[in-house]
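A.B. asks:
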Amino acid sequence: MMTVRVDLNISLDGFATTTDATPENPFGDDWGRLVAAYTATRTFRERVLHDTSGEGTTGVDDKYATAYFEGIGAEIMGAGMFGLHNFPDDPDWIGWWGEEPPFRVPVFVLTHTPRAPIEMANGTRFEFVNPSSPQEILARAQTAAGGKDVRIGGGPTVAREFLRAGLVDQLHVGITPIVLGSGIRLWDDLRGFEAGYRVTTETDPSGTIHVTYRR
Numbered sequence: 025m026m027t028v029r030v031d032l033n034i035s036l037d038g039f040a041t042t043t044d045a046t047p048e049n050p051f052g053d054d055w056g057r058l059v060a061a062y063t064a065t066r067t068f069r070e071r072v073l074h075d076t077s078g079e080g081t082t083g084v085d086d087k088y089a090t091a092y093f094e095g096i097g098a099e100i101m102g103a104g105m106f107g108l109h110n111f112p113d114d115p116d117w118i119g120w121w122g123e124e125p126p127f128r129v130p131v132f133v134l135t136h137t138p139r140a141p142i143e144m145a146n147g148t149r150f151e152f153v154n155p156s157s158p159q160e161i162l163a164r165a166q167t168a169a170g171g172k173d174v175r176i177g178g179g180p181t182v183a184r185e186f187l188r189a190g191l192v193d194q195l196h197v198g199i200t201p202i203v204l205g206s207g208i209r210l211w212d213d214l215r216g217f218e219a220g221y222r223v224t225t226e227t228d229p230s231g232t233i234h235v236t237y238r239r
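Residue 239, in this note's numbering, is where the sequence shown stops; the numbers in between run on with no holes.
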């Protein structure tokens, strides 16, 4: 059965973005702290960094990193996740992931800036679409997914739109035990959203608490 999924890393105080980025350090030091457990996993090293050495953590964090990629047929993301906010005037910008993005499926990037689709050799196709209603965008992604799951990749503003519309079947958050104090919070305007979901939790020795909401 096709599932609509969201997977995000958030801080203890609920922020899924950071605010310490600079032109010289576009992610900022806080972003590295927020996703440290995820980027340390064997799955991340293989899928994103193309490191086939077998190094990386293999515990609970890696279990969720593996699940992140399993069964996905299409992805929806905001312009910020693709990097258009950082490189708005560069027509050659192909995203943060280089020539071999980890997605390997059609990716719908929500933006008001018209751009031609980008086809990557490994099956990733970035298609830039006007951010219309979540229902319309999801319908396009589900058609492209061919019966597999659709992931709402982020960031938190995009994820909240789909959560508020009641379109998400499964939400997984990896809660990193750090306090950021500012940024964009996932939970804003979502009071009571957990109604109708079954909640499970697991904790890795890294300190990351994995909370999953499933219909």
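The C-beta atom is built at its ideal place from N, Cα and C for all residues, glycine as well. Small disclaimer: the values here were computed from a predicted structure and weren't measured.
Let me confirm a value: D175 is counted as buried when at least 16 other C-beta atoms fall within 10 Å, else exposed. Which label applies?
C.D. replies: Counted from its first residue, the sequence shown places residue 175 at position 151. Strictly speaking, residue 175 in this sequence is Arg, with Asp absent from that position. R175 should be labelled buried.
A.B. asks: Please say whether Y221 and R18 have beta carbons closer to each other than 8 Å?
C.D. replies: Because the chain in this structure spans residues 25 to 239, residue 18 falls outside the shown range and cannot be described.
A.B. asks: Starting from R215, trace the alpha helix (DSSP H) in both directions and tell me its first and last residue.
C.D. replies: For the purposes of this step, residue 215 is identified with residue 191 of the sequence shown, where counting begins at 1. R215 -> no alpha helix (DSSP H), and no H or E assigned at all.
A.B. asks: Relative to the C-alpha of F132, which residue among P158, H109, A40, G122 is closest?
C.D. replies: Translated into positions along the sequence shown, residue 132 becomes position 108. Among P158, H109, A40, G122, the Cα nearest to that of F132 belongs to P158.
A.B. asks: Along the chain, where does the alpha helix (DSSP H) containing Y62 start, and where does it finish?
C.D. replies: Here residue 62 refers to the residue found at position 38 of the sequence shown. Counting along the chain, the alpha helix (DSSP H) containing Y62 begins and ends at 60-63.
A.B. asks: CA-CA distance, N33 and P115?
C.D. replies: Your numbering for residue 33 matches position 9 in the sequence shown. Your numbering for residue 115 matches position 91 in the sequence shown. Their Cα atoms are separated by approximately 29 Å.
A.B. asks: Please determine, among T135, L36, N146, the residue with the shortest C-alpha to C-alpha distance to V153.
C.D. replies: As a first step, residue 153 is located in the sequence shown; it is residue number 129 there, counting from the start. Of the listed residues, the one whose Cα sits closest to V153 is T135.
A.B. asks: What's the gap between the Cα of R149 and the Cα of A98?
C.D. replies: Translated into the one-based positions of the sequence shown, residue 149 becomes position 125. Translated into the one-based positions of the sequence shown, residue 98 becomes position 74. Cα-Cα distance, rounded: 10 Å.
A.B. asks: Among G190, G122, T137, which has the Cα closest to the Cα of R215?
C.D. replies: Here residue 215 is taken as the residue at index 191 of the sequence shown, counted from 1. Comparing Cα positions, the closest option is G190.
A.B. asks: Considering only C-alpha positions, which residue in the set M101, P201, T67 is nearest to R184?
C.D. replies: Here residue 184 refers to the residue found at position 160 when the sequence shown is read from its first residue. That would be M101, whose Cα lies nearest to the Cα of R184.
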